[in-house]
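Visitor: My questions all concern the structure below.
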Amino acid sequence: MTTATFGTNAVDWEERIQFDRLRTDRLAKLRRELATSDLGAVLAFDFSNIRYMSSTHIGTWAMDKLIRFSLLTRHSDPIVWDFGSAAKHHQLYNPWLQTTTAEADADPHAPHHGAVRPRAENGARAGISTLRGAFHPDAGIAEGVAKKIKRELEKFGLQNEPLGVDVIELPILMALQKEGIRVVDGQQVFLNARAVKTGDEIALLTQAASMVDAAYESLYEFLRPGVRENEAVGLVSKVLYDLGSEYVEGVNAISGERCSPHPHVFSDRLIRPGDPAFFDILHSYQGYRTCYYRTFAVGSASRAQHDAYKIARQYMDRAIALVRPGATTADIVKVWPTAQEFGFPDEEAAFALQYGHGVGLSIWEKPIFSRLVSLDHPEVLVEGMVFALETYWPSADGIGAARIEEEVVVTATGCQVITKFPAEDLLVAGQRYYSVGGPLSLVRDSQSHLNTAAGRGEAE
Numbered sequence: 001m002t003t004a005t006f007g008t009n010a011v012d013w014e015e016r017i018q019f020d021r022l023r024t025d026r027l028a029k030l031r032r033e034l035a036t037s038d039l040g041a042v043l044a045f046d047f048s049n050i051r052y053m054s055s056t057h058i059g060t061w062a063m064d065k066l067i068r069f070s071l072l073t074r075h076s077d078p079i080v081w082d083f084g085s086a087a088k089h090h091q092l093y094n095p096w097l098q099t100t101t102a103e104a105d106a107d108p109h110a111p112h113h114g115a116v117r118p119r120a121e122n123g124a125r126a127g128i129s130t131l132r133g134a135f136h137p138d139a140g141i142a143e144g145v146a147k148k149i150k151r152e153l154e155k156f157g158l159q160n161e162p163l164g165v166d167v168i169e170l171p172i173l174m175a176l177q178k179e180g181i182r183v184v185d186g187q188q189v190f191l192n193a194r195a196v197k198t199g200d201e202i203a204l205l206t207q208a209a210s211m212v213d214a215a216y217e218s219l220y221e222f223l224r225p226g227v228r229e230n231e232a233v234g235l236v237s238k239v240l241y242d243l244g245s246e247y248v249e250g251v252n253a254i255s256g257e258r259c260s261p262h263p264h265v266f267s268d269r270l271i272r273p274g275d276p277a278f279f280d281i282l283h284s285y286q287g288y289r290t291c292y293y294r295t296f297a298v299g300s301a302s303r304a305q306h307d308a309y310k311i312a313r314q315y316m317d318r319a320i321a322l323v324r325p326g327a328t329t330a331d332i333v334k335v336w337p338t339a340q341e342f343g344f345p346d347e348e349a350a351f352a353l354q355y356g357h358g359v360g361l362s363i364w365e366k367p368i369f370s371r372l373v374s375l376d377h378p379e380v381l382v383e384g385m386v387f388a389l390e391t392y393w394p395s396a397d398g399i400g401a402a403r404i405e406e407e408v409v410v411t412a413t414g415c416q417v418i419t420k421f422p423a424e425d426l427l428v429a430g431q432r433y434y435s436v437g438g439p440l441s442l443v444r445d446s447q448s449h450l451n452t453a454a455g456r457g458e459a460e
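Residue numbering for the sequence shown follows UniProt numbering, beginning at 1 and increasing consecutively.
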């Protein structure tokens with residue numbers, strides 16, 4: 001297992017990402033998780049689960065539409081019902097959907113060599129769900145989906161076994177139940193399979209993080225009084241797409257008084273001298289995500305802001321020091337402050353401020369680190385897990401806050417951090433100001449009079 005990064009092109013002179021291995025390993029992990037469950041099959045409507053199962057993708061435009069679905073049974077390889085012509089594209093360019101290692105799924109008359117055999121039916125098929133209810137309810141779309149699934153379960157002798165589903169529209173659920181299919185929660189099968197990453201997954205996650213390193217470099221050079229939060233979002237998005245990002249899921253750009261409480265959305269606010277500004281950059285490279293915060297002071301930092309940063313950093317460093325195989329999520333969250341210590345009535349109200357979450361094909365995977373759940377329901381850390389740890393602290397002056405996030409890979413002896421833009425201390429972005437007496441201090445109040453004894457009302 002390595003967190004080294006390589007070029008993004010395929011070359012003949014160096015081993016980089018092996019996508020055939022990535023596809024095979026992901027499916028094998030999902031198969032093992034299905035085999036240890038009491039389910040006969042799993043049905044996915046979530047795009048990340050479909051991709052993990054079948055290594056198919058039709059673009060991020062359709063991520064929220066629940067229009068495509070895939071099925072994996074105990075006795076077959078994945079079957080994907082996809083949107084219109086996407087199914088034909090898969091038939092042409094996704095040969096792994098045309099082969100199987102399952103005896104019941106194979107074409108008994110086709111010649112073959114070894115364990116991989118041609119399938120009796122292609123795994124890439126046309127099919128569509130209800131378009132989130134946009135189809136007329138009487139059009140029979142939901143019933144059609146249910147009949148497709150029932151046919152496969154009967155074909156493989158699993159019609160009486162529970163069907164695990166990740167997310168589902170109510171008309172589809174009711175149609176499956178009407179066909180006599182027992183539908184149960186299948187999310188844990190997918191999430192457990194995805195919790196520990198393969199070497200290729202770790203390489204993709206590290207590459208995705210390296211692209212955000214570059215975005216922060218450009219952002220640091222760009223930040224100055226007079227730019228807007230939305231301009232920072234545009235800059236970061238361009239850098240990432242130019243570097244080959246598949247999808248910029250979001251850029252949280254938060255500055256000034258908006259930092260506390262954290263609003264979780266950027267605005268068109270104009271950044272001012274002395275503002276704190278923090279950013280969360282979420283994007284996808286080959287499907288693999290980042291969740292990566294950094295905090296800056298623009299022009300200068302107040303003492304309160306610097307103190308807040310040091311506290312957030314201390315909580316982060318204490319957490320990272322505990323990461324190793326065998327440690328638990330409870331061990332980590334115990335070193336973080338309670339909600340009441342930083343101004344919230346309970347852990348639900350403060351949720352996701354002192355936080356950790358798995359990162360993979362989506363940004364909130366297992367394991368989860370939060371005082372809301374982890375003390376009573378701890379999860380054990382395992383080599384190969386990749387997760388993000390996030391800390392937050394409001395500044396004592398009530399104006400700003402500090403937010404830091406690091407992505408870590410659990411190794412045999414501890415962990416490696418793969419988010420490498422500097423964060424051990426608060427960075428000051430923007431032009432350095434000079435007075436007749438020399439450079440202005442980087443630690444100063446944004447209100448100029450408070451930087452003089454007279455302005456503070458103190459005796460000369």
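Ideal Cβ positions, reconstructed from N, Cα and C, are used throughout, including at glycine.
Tell me the residue span of the alpha helix (DSSP H) that contains Y241.
Guide: Looking up residue 241 in the sequence shown gives position 241. Note, Y241: alpha helix (DSSP H), 229-242.
Visitor: By the 10 Å Cβ neighbour count, where 16 or more other Cβ atoms means buried, how is K178 classified, buried or exposed?
Guide: In the sequence shown, the residue the question calls residue 178 occupies position 178. Under this definition K178 is an exposed residue.
Visitor: Pick helix, strand or coil for M63, following the three-state DSSP scheme.
Guide: Working through the sequence shown from its first residue, we reach residue 63 at position 63. Three-state result, M63: coil.
Visitor: Expressed to the nearest angstrom, what Euclidean distance is found between the alpha-carbon atoms of Y433 and L440?
Guide: If you number the sequence shown from 1, residue 433 lands on position 433. If you number the sequence shown from 1, residue 440 lands on position 440. One C-alpha to the other measures close to 6 Å.
Visitor: Leaving out the 5 sequence neighbours to the left and right, which residues in its chain are closer than 6 Å to A253 when beta-carbon positions are compared?
Guide: For the purposes of this step, residue 253 is taken as the residue at position 253 of the sequence shown. Correct list, in chain order: E229, A232, V233, F266, F279.
Visitor: Would you mind reading off the limits of the alpha helix (DSSP H) that contains L426?
Guide: Residue numbering aside, residue 426 sits at position 426 when the sequence shown is read from its first letter. No alpha helix (DSSP H) contains L426, which DSSP labels as neither H nor E.
Visitor: Consult DSSP for D82 and reduce its assignment to one of helix, strand or coil.
Guide: For this step, residue 82 is matched to residue 82 along the sequence shown. Looking at D82 - three-state DSSP - the assignment turns out to be strand.
Visitor: Let me confirm a value: F47 is counted as buried when at least 16 other C-beta atoms fall within 10 Å, else exposed. Which label applies?
Guide: Position 47 of the sequence shown, counted from the first residue, corresponds to residue 47. So F47 counts as buried.
Visitor: Please confirm whether G356 and L381 have their CB atoms less than 7 Å apart.
Guide: The count along the sequence shown starts at 1 and reaches residue 356 at position 356. The count along the sequence shown starts at 1 and reaches residue 381 at position 381. No, Cβ-Cβ distance for G356 and L381 is not below 7 Å.
Visitor: When the distance is taken between beta carbons, is A193 closer than 7 Å to K29?
Guide: Taking the sequence shown and counting its residues from 1, one reaches residue 29 at position 29. Taking the sequence shown and counting its residues from 1, one reaches residue 193 at position 193. Against a cut-off of 7 Å, the Cβ pair of A193 and K29 comes out as a contact.
Visitor: Relative to the C-alpha of G59, which candidate in M53, A44, D82 has its C-alpha closest?
Guide: On the sequence shown, position 59 is the one that residue 59 refers to. It is D82 whose Cα lies nearest to the Cα of G59.
Visitor: In this structure, does DSSP put R289 in helix, strand or coil?
Guide: To locate residue 289, count along the sequence shown from 1; it is residue 289. Strand.
Visitor: With a cut-off of 8 Å, do at least 3 Cβ pairs link the stretch 194-207 to the stretch 36-43?
Guide: Flag = no, the stretch 194-207 and the stretch 36-43 do not touch.
Visitor: Which value, in whole angstroms, describes the spacing of the CA atoms of E405 and L97?
Guide: Looking up residue 405 in the sequence shown gives position 405. Looking up residue 97 in the sequence shown gives position 97. E405 and L97: Cα-Cα distance of roughly 38 Å.
Visitor: When you compare only the Cα positions, how much space is there between P273 and G430?
Guide: Mapped onto the sequence shown, residue 273 falls at position 273. Mapped onto the sequence shown, residue 430 falls at position 430. Approximately 9 Å between the Cα atoms of the pair.
Visitor: Please confirm if the stretch 115-131 is in contact with the stretch 67-76, defined as three or more CB-CB distances below 8 Å between the two stretches.
Guide: Cβ pair count under 8 Å is three or more, so yes.
Visitor: Quick one: is W61 buried, meaning 16 or more other Cβ sit within 10 Å of its Cβ, or exposed?
Guide: Counted from its first residue, the sequence shown places residue 61 at position 61. Label assigned to W61: exposed.
Visitor: Contact defined as beta carbons within less than 8 Å: I believe V443 pairs with A301. What is the distance between those atoms, to the nearest angstrom?
Guide: Within the sequence shown, residue 443 is the residue found at index 443, counting from 1. Within the sequence shown, residue 301 is the residue found at index 301, counting from 1. 6 Å between Cβ atoms; contact.
Visitor: Would the stretch 284-291 count as touching the stretch 367-382 if we require 3 or more Cβ pairs under 8 Å?
Guide: At 8 Å Cβ cutoff, the stretches do not touch.
Visitor: Taking C-alpha atoms, which residue in L235, L22, I368, T100 lies nearest to Y220?
Guide: By one-based count along the sequence shown, residue 220 stands at place 220. That would be L235, whose Cα lies nearest to the Cα of Y220.
Visitor: DSSP three-state call for D221: helix, strand or coil?
Guide: The residue labelled residue 221 in the question sits at position 221 within the sequence shown. It is Glu, not Asp, that sits at residue 221 in the sequence shown. Helix at E221.
Visitor: At what residues does the beta strand (DSSP E) containing H357 begin and finish?
Guide: Taking the sequence shown and counting its residues from 1, the one referred to as residue 357 is at position 357. Taken as a continuous stretch (DSSP letters only), the beta strand (DSSP E) holding H357 covers 355-358.
Visitor: In whole angstroms, what is the alpha-carbon distance linking G133 and F344?
Guide: By one-based count along the sequence shown, residue 133 stands at place 133. By one-based count along the sequence shown, residue 344 stands at place 344. C-alpha separation (whole angstroms): 39 Å.
Visitor: Go through its chain and collect everything with a Cβ distance to H109's Cβ below 7 Å, but skip five positions before and after it.
Guide: For the purposes of this step, residue 109 is taken as residue 109 along the sequence shown, with counting starting at 1. No residues qualify anywhere along the chain.
Visitor: Would you tell me roughly how many angstroms separate the C-alpha atoms of D376 and K366, rounded to the nearest one?
Guide: The residue you call residue 376 lines up with position 376 of the sequence shown. The residue you call residue 366 lines up with position 366 of the sequence shown. Taking the straight line joining both Cα atoms gives about 16 Å.
Visitor: Around the C-beta of E33, are 16 or more other C-beta atoms found within 10 angstroms, so that it is buried, or is it exposed?
Guide: Here residue 33 refers to the residue found at position 33 when the sequence shown is read from its first residue. E33 should be labelled buried.
Visitor: By the DSSP assignment, the alpha helix (DSSP H) with V189 in it spans what residues?
Guide: Counting from 1 along the sequence shown, the entry for residue 189 is found at position 189. First-last of the alpha helix (DSSP H) with V189: 187-195.
Visitor: What did DSSP end up calling W13 once you bin it into helix, strand or coil?
Guide: Reading the sequence shown from its first residue, position 13 is the one you call residue 13. Reduced to three states, the DSSP call for W13 is coil.
Visitor: Exposed or buried, W336, counting other C-beta atoms within 10 Å across all chains shown (16 or more means buried)?
Guide: Within the sequence shown, numbered from 1, the residue matching residue 336 stands at position 336. Per the 10 Å Cβ criterion, buried.
Visitor: So for D138, helix, strand or coil by DSSP?
Guide: For the purposes of this step, residue 138 is taken as the residue at position 138 of the sequence shown. D138 falls in the helix class under three-state DSSP.
Visitor: Relative to the C-alpha of E143, which candidate in P171, T391, G186 has its C-alpha closest?
Guide: Numbered from its first residue, the sequence shown carries residue 143 at position 143. Of the candidates P171, T391, G186, the one whose C-alpha sits nearest the C-alpha of E143 is P171.
Visitor: Does the stretch 179-192 come close enough to the stretch 9-19 that 3 or more CB-CB pairs lie under 8 Å?
Guide: Flag = no, the stretch 9-19 and the stretch 179-192 do not touch.
Visitor: Work out the CA separation of M63 and I311 for me, nearest whole Å.
Guide: By 1-based counting over the sequence shown, the position of residue 311 is 311. By 1-based counting over the sequence shown, the position of residue 63 is 63. Using only the alpha carbons, I get a separation of about 38 Å.
Visitor: Quick one: what does DSSP say E103 is sitting in, helix, strand or coil?
Guide: On the sequence shown, residue 103 is found 103 positions in, with the first residue counted as 1. Note: E103 maps to helix in three-state DSSP.
Visitor: Measuring CB to CB, does Q305 end up less than 7 Å from P276?
Guide: Against the sequence shown, residue 305 aligns to sequence position 305. Against the sequence shown, residue 276 aligns to sequence position 276. Taking 7 Å as the Cβ cut-off, Q305 and P276 qualify as a contacting pair.
Visitor: For a test of the three-state rule: what should DSSP assign to V373, helix, strand or coil?
Guide: Walking along the sequence shown from the start, residue 373 turns up at place 373. Reduced to three states, the DSSP call for V373 is coil.
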